[in-house]
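This report concerns only the one structure given below.
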Amino acid sequence: MKRFAIFLVILITLLSTVTCKEKEKEELLIFVGAGMKKPMDELKGIYEEKNNVKINIVYGGAGSLLSQIETTRKGDLFMPGSMYHYKIAEEKNLVDEGVEFLYHIPVIVVKRGNPKNIKGLLDLDREGVKIALGDENSLAIGPVSRKILEKACIYEDVKKNVVVREGAVSKLVLDVNSNFVDASIVWRSSAVQFGIDLEIIPIEEKFNEIKTIPIGIVKFTKNEKLSRDFLSFVISEHGKEIFKKYGFVVKDEEN
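When we follow the numbering used here, the leftmost residue of the sequence shown carries the number 289, and every step to the right adds one.
Quick look at the structure:
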């Protein structure tokens, strides 16, 4: 009887351990540019339901995300808003080679009705026009905006009109939505996702800096198989259709 009781305790313990293990879900930690929150949240929900896994996504400015990866030495995938910060991550041996599959197209956003009559980039240096720009160190659109303005030879003049630099592209859109500023340079997709009562002004082709969006595996991943599977899902035709819904342009489909 005593032996049977011991055997029963061992059996219950083993069954409990197996049950707990069965309940544990595989997890991924993904660092994603804030401008891609809506499509990535949708993709995350679909993938989690289909595969019974947990996808943890940290959203933010590309520079901040890169610092987190470098400091914590953790993460499975990195998806910044342009190749600029991804190349830095590659140089620091933090990520594998990325897959570029989307375009990020800079545009000017103004309040609906365009009260300052801003028709293009060269109107941003006019006296009395209040501008919001992305931070040049922490946000992908920051250095891109600078390059655009430098190509037009108006960067120094526009700087005089800048009243705020933001660390998140959604805040740039909000600044225009709330009438805090008259105009900002943001990604087209961000204007589509976060704009409430805005107008989009295209940037002249000769000045614009269209960027590609990469996604790649972080060197510190503890689940490379799951990381590659989720990456494949993101860049699949289904994934691309979801990104297009939120204003992104798929690479090789721009025409």
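Note that beta-carbon positions come from the ideal geometry of N, C-alpha and C, so glycine has one too. Source: prediction; values computed, not measured.
- Between V446 and R414, the alpha-carbon positions lie close to 8 Å from each other.
- Take the alpha-carbon of L460 and the one of A420: they are about 6 Å apart.
- Taking 8 Å as the cut-off, the beta carbon of L331 is found no closer than this to the beta carbon of L519.
- The residue among I488, S478, F508, Y391 with its C-alpha nearest the C-alpha of K362 is F508.
- Rounded to the nearest whole angstrom, the CA to CA distance from N511 to A440 is 46 Å.
- In the structure shown, the three-state DSSP call for Y534 is coil.
- For A479, the enclosing alpha helix (DSSP H) begins and ends at 476-482.
- S477 sits close to G535, with the two beta carbons spaced by under 8 Å.
- Of the residues assessed, I393 falls on the buried side of the cut-off, its CB having 16 or more other CB atoms within 10 angstroms.
- G422 is bridged by DSSP to E454.
- For T359, the enclosing alpha helix (DSSP H) has its first and last residue at 350-360.
- Annotation for I503: L365, F366, M367, G386, V387, F389, L519, V522, I523 place their beta carbon closer than 8 Å to its own, counting only its chain and skipping 5 residues before and after.
- Taken through DSSP and simplified to helix, strand or coil, V417 comes out as coil.
- Of V346, I357, K399, the smallest CA-CA separation from K325 is found for V346.
- Scanning its chain for C-beta atoms nearer than 6 Å, with the 5 sequence neighbours on each side dropped, one finds around I442 the residues D413, in chain order.
- Residue state for N344 is assigned as strand, using DSSP reduced to three classes.
- Between V417 and A471, the C-beta spacing is below 8 Å.
- Under the three-state reduction of DSSP, P403 is assigned to coil, being neither helix nor strand.
- Between the C-alpha atoms of G351 and N496 there is a straight-line separation of about 22 Å.
- With respect to the C-alpha of L514, the residue from G323, M328, E336 having the closest C-alpha is E336.
- The Cβ-Cβ distance between V457 and D463 does not fall below 8 Å.
- In this structure, DSSP gives L409 a helical state, which the three-state scheme calls helix.
- In this structure, the alpha-carbon of E438 lies about 19 Å from that of V452.
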